[in-house]
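Here's the structure, in structure tokens; my notes come after.
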Amino acid sequence: MHGTERFTATVHEWLLSIFTAGTTHFVEMVLIGLAYLGFFAIAGLALVYLERRIAAFFQVRLGPNRVGPQGMFQTLADALKLVAKEPIGTKKADSFLYSLAPYFLIISSLMAISVIPMGAGFSGFDIDVGVFFLIAVSSIGVLGILIAGWGSYNKYALIGALRSGAQMISYELSVGLSLLTMILLVGSLRFSDIVQSQSDYWLIFKGHIPALIAFIIFIISGTAESNRTPFDLVEAESELGAGFHSEYSGIQFAFFFLSEFINMFIISAVAATVFWGGWMPLHLGGFSGFNQTMDYIPGPIWFLGKTGVIIFLMMWFRWTFPRLRIDQLMKLEWKYLLPLNLINILIMAFVVWMGWHL
Amino acid sequence: MGYFSDIYKGFKTLLTGMRVTGKYFFNARKEIITQQYPDNRSTLTFPERFRGRVYMPHNENNEHRCTGCQACEIACPNGSIEIVWDRILNPDTGKKKKTIDKHIYHLSMCTMCNLCIIACPTDAIKMSHEFELAAFDRADLTMVLNQPGSKLMDGVED
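Protein sequence lines, in the order shown, are assigned to chains U and H.
When we follow numbering that gives the first Met the number 0, the leftmost residue of the first sequence carries the number 0, and every step to the right adds one.
When we follow numbering that gives the first Met the number 0, the leftmost residue of the second sequence carries the number 0, and every step to the right adds one.
Okay, here's the thing in structure tokens:
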């Protein structure tokens, strides 16, 4: 039994000793919701800080280093400033849709993050269609972007939102298909099963060549899904101001900003879970001494570490690659990623059929 | 097989780019190019060609090199330089010679474009490294570059 599982079991028994079974269920739901909201805020702020700091190092600058040790509290100060600011919108904006849009993004990211296991027994709800649910829920986010673009009554916002729609619909395919490639190996859509199946080797080692191709495709389309450079046509600063959120200010802008970074975290977490074993420590079949040493590092640290490596990779992309044009974006998806992905699924199916995987 | 060679070339160029930025990232601690300005105010280092406000160097005898030819005044695109001059009799030669009275410099209009320094035939004015130029009164931004009682250095001709 893992430490994290023991922790959740202890909390569950403690709550049962105080309340009835029904109340315990309710209290647990509230507690988990609060935990996710807290994690959401802290992770968002930390990622904004990391992004700014890493961007600075890529450009041989120092970045924020004044507020707190090494500038750690800079994003907290920025968030406080954004909360204190007055929300200003356009006069002709559809005020209902305009104020609704940020919550679509926030809620879709919160729902998506809830199925990812951060340790043994550390996931909001572990349903047997986890991967399917994640893909379905994360595409609700694009609805928020479209509503924001439509509701703000601004041509730049609308262009940005429609670009986002085109981009999301295209790249959703690649994300889904590359995850499907790995599911062929596991045979289950449940995230805990996916992690459990990697207790001897991570899936990227198990599936070797087709898994590596799927991983590369997933990282590319995941970067596009989270609207980051080189796929940030949605908010292309040089053409559209800020795209779909150009008319937002104050806390609503902060919601958009945070959800963008949380989306990056979700994409990295999914990549870490499906390809690199999630919270499962690095295990090599046969070396039991090595495996036991690795087991001393707790699961959540493995999970956050792997996610962090992929987040760093995405930040590296952002500060290296130039932005794609909209036709290049479509060409990359429909002429390169999608056909390669379909062929890759066939190869993977063949590999699994012949039993060539580890 | 242009399709697959395109993919190969794409990945190759992307990795080349990532290698360049990665090199900068991992050596970032050693070669930060920004300076922590208000903290190191006493030890600031300037690039050689840094353009602060215009100044006129004087030597120890309070002599400058400005002949009053007005080339800088003509060269200035937004009229930041104004020269007040007169023809003054030189007692040695008995000839009248153009001499500056005031070299007036309006910092409020200057864009530090360097054109006056290029135009000057005698190198009388230069760009200083002074950059903290804010003032509380607009009149403080109009300054006379030649010091009071200064005169032309001997042997400077344009």
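Glycine included, each C-beta is placed from N, C-alpha and C at the ideal position.
Note that the coordinates shown come from a computational prediction; the quantities given were computed from them, not determined experimentally.
On the DSSP bridge assignment, give the partners of residue i in chain order.
i: His-102(H); result: Ile-82(H)
i: Met-126(H); result: Val-53(H)
i: His-63(H); result: Leu-151(H)
i: Lys-96(H); result: Ile-87(H)
Give a yes or no on whether 8 Å exceeds the smallest Cβ distance from residue i to chain H.
i: Thr-319(U); result: yes
i: Tyr-335(U); result: yes
i: Trp-315(U); result: yes
Need the endpoints of the beta strand (DSSP E) that residue i sits in, please.
i: Met-142(H); result: 141 to 143
Could one say the Cβ of residue i lies closer than 8 Å to chain U's Cβ atoms, at least one of them?
i: Tyr-104(H); result: no
i: Gly-1(H); result: no
i: Tyr-36(H); result: no
i: Tyr-23(H); result: yes
i: Leu-13(H); result: yes
i: Gly-51(H); result: no
i: Ala-74(H); result: no
i: Ala-27(H); result: yes
i: Glu-30(H); result: yes
i: Thr-44(H); result: no
i: Thr-20(H); result: yes
i: Met-108(H); result: no
i: Met-55(H); result: no
i: Met-142(H); result: no
i: Ile-6(H); result: yes
i: Thr-121(H); result: no
i: Thr-33(H); result: yes
Relative to the C-alpha of residue i, which candidate in the options has its C-alpha closest?
i: Phe-10(H); options: Glu-259(U), Thr-228(U) and Ile-216(U); result: Ile-216(U)
i: Met-313(U); options: Leu-283(U), Lys-334(U), Gln-251(U) and Ile-266(U); result: Ile-266(U)
i: Ser-220(U); options: Gly-32(U), Val-47(U) and Leu-337(U); result: Leu-337(U)
i: Gln-327(U); options: Ile-115(U), Ala-8(U), Ile-17(U) and Ala-223(U); result: Ala-223(U)
i: Glu-98(H); options: Asp-85(H), Met-108(H), Pro-147(H) and Phe-130(H); result: Just to set this straight, residue 98(H) is Thr in the shown sequence, not Glu. With distances taken between Cα atoms, Thr-98(H) lies closest to Asp-85(H).
i: Pro-209(U); options: Leu-179(U), Ile-193(U), Ile-158(U) and Gly-140(U); result: Leu-179(U)
i: Val-155(H); options: Met-108(H), Arg-40(H) and Cys-65(H); result: Cys-65(H)
i: Pro-116(U); options: Glu-4(U), Tyr-335(U), Phe-254(U) and Met-329(U); result: Glu-4(U)
i: Val-350(U); options: Leu-183(U), Phe-131(U) and Tyr-35(U); result: Leu-183(U)
i: Ala-268(U); options: Asp-77(U), Ala-241(U) and Phe-214(U); result: Phe-214(U)
i: Gly-123(U); options: Pro-299(U), Phe-131(U), Ile-134(U) and Met-110(U); result: Met-110(U)
i: Val-424(U); options: Pro-280(U), Leu-133(U), Asp-192(U) and His-11(U); result: Past the boundaries of the shown model lies residue 424(U); chain U is included only from 0 to 357, so the question cannot be answered.
i: Gly-62(U); options: Ala-27(H), Thr-92(H) and Ala-70(H); result: Ala-27(H)
i: Ser-108(U); options: Gly-277(U), Met-263(U) and Met-347(U); result: Met-263(U)
i: Ile-342(U); options: Thr-74(U), Leu-283(U) and Ile-212(U); result: Ile-212(U)
i: Ile-6(H); options: Ala-42(U), Ile-346(U), Leu-339(U) and Asp-192(U); result: Leu-339(U)
i: Ser-98(U); options: Gly-143(U), Val-136(U), Phe-289(U) and Ile-41(U); result: Gly-143(U)
i: Arg-48(H); options: Met-152(H), Asp-122(H), His-128(H) and Asn-145(H); result: His-128(H)
i: Leu-140(H); options: Ile-80(H), Pro-56(H), Ser-41(H) and Tyr-2(H); result: Ile-80(H)
i: Phe-39(U); options: Ile-325(U), Lys-91(U), Ser-113(U) and Asp-125(U); result: Ser-113(U)
i: Val-363(U); options: Phe-95(U), Ile-203(U), Val-59(U) and Phe-72(U); result: The question about residue 363(U) has no answer here: the residues shown for chain U are numbered 0 through 357.
i: Glu-72(H); options: Gly-148(H), Thr-92(H) and Ile-117(H); result: Ile-117(H)
Hey, quick one: how far does the alpha helix (DSSP H) through residue i stretch, first residue to last?
i: Asn-262(U); result: 249 to 275
i: Phe-18(U); result: Taken as a continuous stretch (DSSP letters only), Phe-18(U) belongs to no alpha helix (DSSP H), as it is neither H nor E.
i: Ile-325(U); result: 325 to 330
i: Cys-119(H); result: Neither: Cys-119(H) is in no alpha helix (DSSP H) and is coded neither H nor E.
i: Trp-315(U); result: 298 to 317
i: Asn-77(H); result: Where Asn-77(H) is concerned, there is no enclosing alpha helix (DSSP H), given that its DSSP letter is neither H nor E.
i: Glu-30(H); result: Where Glu-30(H) is concerned, there is no enclosing alpha helix (DSSP H), given that its DSSP letter is neither H nor E.
i: Met-181(U); result: 154 to 185
i: Trp-149(U); result: 140 to 150
i: Lys-80(U); result: 73 to 83
i: Ser-191(U); result: 190 to 195
i: His-207(U); result: 207 to 224
i: Ser-108(U); result: 94 to 113
i: Trp-355(U); result: No alpha helix (DSSP H) contains Trp-355(U), which DSSP labels as neither H nor E.
i: Asp-294(U); result: 287 to 294
i: Gly-129(U); result: 129 to 137
Return yes when the C-beta of residue i is under 7 Å from any heavy atom of the ligand COA, and no when it is not.
i: Pro-68(U); result: With respect to the ligand COA, the structure offers nothing, as it holds no ligand at all.
Would you verify that the beta carbon of residue i is, or is not, closer than 8 Å to some beta carbon of chain C?
i: Gly-16(H); result: The structure shown contains no chain C; its protein chains are U and H.
(request) Please name the residues in the segment 42 to 63 of chain U whose beta-carbon is closer than 7 Å to at least one beta-carbon of chain H, in chain order. (result) Within the segment 42 to 63 of chain U, the qualifying residues are Phe-56, Phe-57, Val-59, Arg-60 and Leu-61.
(request) Scan the segment 77 to 90 of chain H for residues whose Cβ lies nearer than 8 Å to a Cβ of chain U and list them as they occur along the chain. (result) none
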